[in-house]
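Asker: Dropping the structure in here first, questions after.
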Amino acid sequence: MLYIIADMNITNSVVELERKIETVRQALLALGPMHPGSVSRQYQVCGRPGCRCMNPKHPQRHGPYHKLAYVHRAKPVCRFVRTDCVAEILRRLATYKRFRTLMDQWIELGIRQGQVEFFSQPAAPKSQRTPTTPQRKTRR
Numbered sequence: 000m001l002y003i004i005a006d007m008n009i010t011n012s013v014v015e016l017e018r019k020i021e022t023v024r025q026a027l028l029a030l031g032p033m034h035p036g037s038v039s040r041q042y043q044v045c046g047r048p049g050c051r052c053m054n055p056k057h058p059q060r061h062g063p064y065h066k067l068a069y070v071h072r073a074k075p076v077c078r079f080v081r082t083d084c085v086a087e088i089l090r091r092l093a094t095y096k097r098f099r100t101l102m103d104q105w106i107e108l109g110i111r112q113g114q115v116e117f118f119s120q121p122a123a124p125k126s127q128r129t130p131t132t133p134q135r136k137t138r139r
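Going left to right, the sequence shown walks through residues 0 to 139 as numbering that gives the first Met the number 0 numbers them.
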């Protein structure tokens, strides 16, 4: 009887994990365009004598310029982004962060599902166990 109840708990747990995985999968399918990385604002000094950026008392650097930085295939990439495209890039960066969060959730749920399915099988009741006898090596 104990074995049947434990088996039902495992089955219910697996069904619940599969339901959660399906929810994550559907959320992933609903994602739109994405891009990895981060955007920073850069201010530059041009170095021309007499320019406002070179004023010794009140320098006013040029900018802000928006710079996108990310790593792709183990290579760092930096690109300047036009001002009219910054809002769209920020949306895509947010979508990418959501994608990574969902993927981490899916992986965690998959690990938990594997633990339930493969490593937490209940032991059979003593009445159903078969006695094990040590096997002897035979000499030839």
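Note that CB positions come from ideal geometry on N, CA and C, so glycine has one too.
Since we're looking at a predicted model, the values are computed, not measured.
Pairing CB atoms from the stretch 27 to 39 with CB atoms from the stretch 82 to 96, are three or more of them under 8 Å?
Answerer: Segments in contact, yes.
Asker: When the Cα of I106 is compared with those of N11, S12 and E17, which residue comes out closest?
Answerer: Cα-wise, what sits closest to I106 is E17.
Asker: Considering just the uninterrupted stretch of the beta strand (DSSP E) at Q43, what are its terminal residues?
Answerer: Counting along the chain, the beta strand (DSSP E) containing Q43 begins and ends at S37 to Q43.
Asker: Please report the residue range of the beta strand (DSSP E) in which A73 lies.
Answerer: No beta strand (DSSP E) holds A73; DSSP gives it neither H nor E.
Asker: Given this structure, state the Cα-to-Cα distance separating E116 from V13, to the nearest angstrom.
Answerer: The alpha-carbon atoms of E116 and V13 are separated by roughly 7 Å.
Asker: Nearest by alpha-carbon distance to Y148: which of K56, G62 and F79 is it?
Answerer: The displayed coordinates of the chain run from 0 to 139. Any statement about residue 148 would go beyond what the structure contains.
Asker: Excluding the 5 residues preceding and the 5 following L101 in the sequence, name in chain order all residues of the same chain whose CB lies nearer than 7 Å to its CB.
Answerer: Closer than 7 Å at the Cβ level, and outside the excluded window around L101, lie V23, A26 and L27.
Asker: Going by other Cβ atoms of all chains shown within 10 Å of its Cβ, with 16 needed for buried, is L108 buried or exposed?
Answerer: L108 is buried by the Cβ-count criterion.
Asker: Would you call L30 buried or exposed, if buried means 16 or more other Cβ atoms sit within 10 Å of its Cβ?
Answerer: Exposed, because fewer than 16 other Cβ atoms sit within 10 Å of the Cβ of L30.
Asker: Quick one: what does DSSP say K56 is sitting in, helix, strand or coil?
Answerer: K56: coil per DSSP, three-state reduction.
Asker: Mind checking which residues open and close the alpha helix (DSSP H) that includes F98?
Answerer: Per DSSP, F98 belongs to the alpha helix (DSSP H) from V85 to G113.
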